[in-house]
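Each remark here refers to the structure printed beneath this line.
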Amino acid sequence: MSKFKLNGTVINLAIIFAVVFATFSIIAPNEFLSIKNFQSIAYKIPEFGLLTLAMLLPMIAGGINLSTIASTGMIGVICSKILTTFLSQDSSENTVLIWVIAIVIIAIAISFFSGLFNGIIIGVIGVSPILATLGTLTLYNGVALKTAGGVGSITGFPEKLLWIGNGEVFKIPIPIIIFLIVAVIIFFVTKTSFGIQIYLVGSNPVASRFSGVNNQSILIKSYTISGLLCGIVAIIMMARYNSAKADYGSSYLLQSILAVIMGGTSISGGSGTVLGTVIAIIILQMISSGFNLIGFAGSAYVADIVWGALLIIIIMINYLINNGRLSSIKRSLK
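The working numbering applies: residue 9 is where the sequence shown begins, and numbers increase by one.
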C-alpha cells in the first residue's frame, strides 16, 4: 500500500513539476531558464527545505510544529548575541575558531531542548500539538525579542562562521550539502523501526499503544528532531546573511506546511515521504521564483494570498481523498 501511494504521489508531483516548469518557461523564457535563476532557486532551497523537514516528522506523527520559525529566530538571536559579545576585531584566529565551534554546539543544544520541550508538552502532558506549539511559538519569539533588546538585527560575524553559509565544497554550496545530508538521514530514519512507529502513532495512536509502541517516547523524539533541524537552520541563516533577527524566515511557516501536505503527508498523520516532500519543496520554490520574475509576487500580501489559497485547496483535496468523498463527488457530478 505504501509503495502504491509513494508512486502515485511522486507521479502526481512530477506532473505538477513539469506543468510549472513549462508554464514559466513559456511566460518568461529568458529569465526563468537562465543559469542565474536556477542558482537563485538552489540558493533558497536549503533553509526552506530544512524547515519543511522539521515540519515533516511531527505531521507524520499526527501533530504539527508551529514553533519552527520562532525557535529558529530565538536560537539565531541568542547565538548572535553571545558571538558579538565575546568576540571583537582584535580576537585571534584560534579564539574566533573556538567561538564559532562553540556557537554551533550552543545552537544545537538550545534547539535540542526547545524541541524536547515541545515533545514533553505534547507527548507526556497530552496538550494538543496546535495549542502547544502555538504557545511555544509565542514564548520563543518573546525570548528572541527580549534577547535582541529591541535591536532590528544583530550583525557582524567572523568570516569563519560566514563560510558555513556561503562557502563551497567541489563547487557545491555548503547549505545545499547540509540539506541533502539531512534529507538522506531523515529518509533512512523513516525506514527504521522508530520511523515505522512514527507512522503507526500518526495513523492510530490507540492501536499503536496496544501494539506495544511507546507513544510518548515517539512524540518526544519526533519533536526533538524537529527542534534540532531548527538549530541547523539558525546557523545557516546567521552565516548566510551575516545577521540574525527574531522574525527571519517568517514566510516559511505557511510554505513549509504547504510543502509537507503537497508532498503527500496526510493532515491527520500516518503517511508522508521525504522524497515527496523534497519534490514539493523544489516545486514551491520554483513557483516562488517564477512569480518574482513576472512581478506577480511583488507584494508580500499577494504572496500570502497565493500560498494561503494553495494550502486551502490542497488540504481540501487531501481531506476528500482520505475520507473517500472525492469519488462520490465525481459520481454526483456525472
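Using N, Cα and C, we set each Cβ at its ideal position, and we do this for glycine too.
- Membership of Thr76 in the alpha helix (DSSP H) is indicated by the continuous run 76-94.
- Shown here for Ala288: same chain residues with a beta carbon closer than 7 Å to its own, the five before and five after excluded, namely Leu21, Ala267, Met270, Gly271 in chain order.
- Secondary structure note for Leu124: its alpha helix (DSSP H) is the uninterrupted segment 101-127.
- Ile244 places its beta carbon less than 8 Å from that of Ile186.
- Fewer than three beta-carbon pairs drawn from the segment 202-212 and the segment 284-302 are found closer than 8 Å, and the two stretches are therefore not classed as touching.
- In its chain, beyond the 5 residues on either side, Ala50, Ile53, Pro54 have a beta carbon closer than 8 Å to the beta carbon of Ile184.
- Leu59 sits buried, since 16 or more C-beta atoms from the chains shown fall within 10 Å of its C-beta.
- Here Lys199 is exposed, its C-beta having fewer than 16 other C-beta atoms within 10 Å.
- Counting C-beta pairs with one atom in each stretch, the segment 206-225 and the segment 147-155 have fewer than three that are closer than 8 Å, which means they do not touch.
- Within the segment 151-231, the alpha helix (DSSP H) runs of at least 4 residues that lie entirely inside it are, in chain order, 167-174, 182-197, 201-211, 213-218.
- For Leu65, the enclosing alpha helix (DSSP H) starts and ends at 43-68.
- With a cutoff of 8 Å on beta-carbon distance, Phe165 and Leu91 are scored as near each other.
- A Cβ-Cβ contact shorter than 8 Å links Ser161 with Lys253.
- When rounded, the separation of the alpha-carbon atoms in Gly280 and Ile194 is 12 Å.
- In terms of Cβ geometry, Ser42 and Ser297 do not form a close pair [threshold 8 Å].
- Val108 counts as buried, since no fewer than 16 other beta carbons sit within 10 angstroms of its beta carbon.
- Around the beta-carbon of Val27, fewer than 16 other beta-carbon atoms lie within 10 Å, marking it exposed.
- Three or more Cβ pairs closer than 8 Å define a contact, and the segment 228-240 falls short of that threshold against the segment 95-110.
- Within its own chain, the residues whose Cβ lies closer than 8 Å to the Cβ of Ser219, once the five positions on either side in sequence are excluded, are Leu208, listed in chain order.
- Taken through DSSP and simplified to helix, strand or coil, Ala267 comes out as helix.
- No Cβ-Cβ contact shorter than 8 Å links Ile172 with Ala69.
- Taking all protein chains shown into account, Gly303 has fewer than 16 neighbouring C-beta atoms within 10 Å of its C-beta and is therefore exposed.
- Only exposed fits Ser96, as fewer than 16 other CB atoms lie within 10 angstroms of its CB.
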